[in-house]
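Taken in order, the sequence shown gives residues 525 to 711; the numbers are from our numbering. We put the CB at the ideal spot given by N, CA and C, even for glycine. Only one structure is covered here, and it is reproduced in the block below.
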Amino acid sequence: MDALDAQAWLTEHGDYLFRVARRQLRSDEQAEDAVQETLLAALTARDRYAGEASPRTWLTAILKHKIVDAIRRQMREVELPRDADDEEAVDALFRADGHWATPLGAWGNPQTAAELNQLRHALATCADRLKPAMAQVFSLREIAGMETEEICKELDITPTNCWVLLHRARLFMRQCLELNGFSGAGA
């Protein structure tokens, strides 16, 4: 592959990658950034591309990691007015009567939030342990939201093979989550 492939990737797969990123990030700007980062990472790693999967599948796998990175960045960032110094930024949070300018949302239950974080960590750990073929099908179906027909076309597999891989991936994920303390009791 040479540098010209990046333009071909963008032309052939850019819209698809953007739709996948947009669906997860819910922001055109962040989706565009994720696609650009994906293409840059693909260019950097093109020598390691073995050709075992289609370029679209390979690019989608890279995009998945860029989406996760973007979500992590979102969770760490707190938006404050950018053109104001610290004191003005704090003042902007309150009305003249001392009440919040924008009411705070419900904080929820800290224990539930901690359990949710543990579940997210366990899900990521379990997903990383899936066999590559199962991981691809599971990711395309459960993360990207693709239909079976699209997955079969993308991965060049039969619907039966797709369903078997998806079934096995789901069974593995369930067993892995149960081993990590998430039995589903009370769900």
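In the DSSP assignment, what residue or residues form a beta bridge with residue i?
i	result
Leu624	The residue asked about is misnamed: residue 624 is Trp in this sequence, not Leu. Bridge partners of Trp624: Phe618.
Give the DSSP-derived three-state secondary structure of residue i in the structure shown.
i	result
Phe542	helix
Gln531	helix
Leu654	coil
Ile591	helix
Asn685	helix
Ser768	There is no way to answer for residue 768, as the model of the chain reaches only from 525 to 711.
Ala565	helix
Arg550	coil
Phe696	helix
Asn641	helix
Glu680	In the sequence on display, residue 680 carries Asp and not Glu. Three-state result, Asp680: coil.
Glu576	coil
Glu671	coil
Ala630	coil
Distance check for residue j and residue i, CA to CA, integer angstroms please.
i	j	result
Glu553	Ile595	13 Å
Thr684	Arg644	30 Å
Lys677	Cys700	29 Å
Ile480	Ala616	With the chain running from 525 to 711 in the structure shown, residue 480 is simply not present.
Gln660	Thr581	8 Å
Ala608	Arg619	In this predicted model, Ala608 has a pLDDT of only 47, less than 50, meaning its place in the structure is not dependable; the value taken from the coordinates is given anyway. Cα to Cα, the separation comes out at about 16 Å.
Leu563	Met670	21 Å
Leu679	Glu611	55 Å
Quick one: is residue i buried, meaning 16 or more other Cβ sit within 10 Å of its Cβ, or exposed?
i	result
Val614	exposed
Leu664	buried
His691	exposed
Thr636	exposed
Leu640	exposed
Ala630	exposed
Leu541	buried
His537	buried
Thr568	exposed
Would you be able to state if there are at least three C-beta pairs under 8 Å between the segment 652-669 and the segment 619-628? Verdict: no, contact absent.
May I ask you to verify whether the segment 535-547 touches the segment 565-576, counting CB pairs closer than 8 Å and requiring at least 3? No: the two stretches stay apart, fewer than three of their Cβ pairs being nearer than 8 Å.
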